[in-house]
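> Residue numbers (our numbering): 8 to 175.
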């Protein structure tokens, strides 16, 4: 039930945000373009890695976290793409070589090591993402600030879940 409420809240926030932002869309700065490049790759990776975890994880809490990641980051990615398109910033549809390699490494983890490998990987990427979203929320163009702030809250929630003692 708690997971369903969190999904509903995430969906509502991310569905309402782009409408207001698209009306205020202006040109993206170089910093905005760099932000989009980094977080779009990270977001795609989180969805792909979490899809793998949803099928390979053995601990129920890890599977639940993976499903939450797929849900939330799919919405975040779609919202980012709308804003990026409105501001003329291209978004790659494929993972870059770094993230392809990272995904291959995760997929190659042994069944006994998979859950811990996935959680550790998600902790690392969320820590990096949180810094990017927090910075964009304060320094980004108006088109990106609200999105970055709202997404930063989601990322912080994920960090809390990933670091919770009952995750494993």
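Where a beta carbon is used, it is the ideal one built from N, C-alpha and C, also for glycine.
Decide yes or no for the touch test of the stretch 74 to 86 against the stretch 113 to 121: beta carbon pairs closer than 8 Å, at least 3 of them.
no
> Residues in the same chain with beta-carbon distance under 7 Å from residue 141, minus the five sequence neighbours each way, listed in chain order, please.
159
> If you count every other CB in all the chains shown that lies within 10 Å of the CB of residue 145, and 16 or more means buried, which is it?
exposed
> Using 7 Å as the threshold, is the C-beta distance between residue 90 and residue 47 below it?
no
> Whether or not the stretch 31 to 41 and the stretch 62 to 69 are in contact is what I'm after, with contact meaning three or more pairs of Cβ atoms, one per stretch, closer than 8 Å; do they touch?
no
> What does the alpha-carbon distance come out to for the pair residue 98 and residue 122?
30 Å
> Suppose you measure from the CA of residue 143 to the CA of residue 173; what does that come to, to the nearest Å?
31 Å
> Straight-line CA distance for residue 68 to residue 86?
Roughly 27 Å separates the two Cα atoms.
> Among 170, 113, 166, 147, which has the Cα closest to the Cα of residue 94?
Nearest in C-alpha terms to residue 94, of all of 170, 113, 166, 147, is 147.
> Looking only at C-alpha atoms, which of 137, 138, 110 sits nearest to residue 128?
110
> When we look at the beta-carbon of residue 100 and count the other beta-carbons within 10 Å, is it buried (16 or more) or exposed?
exposed
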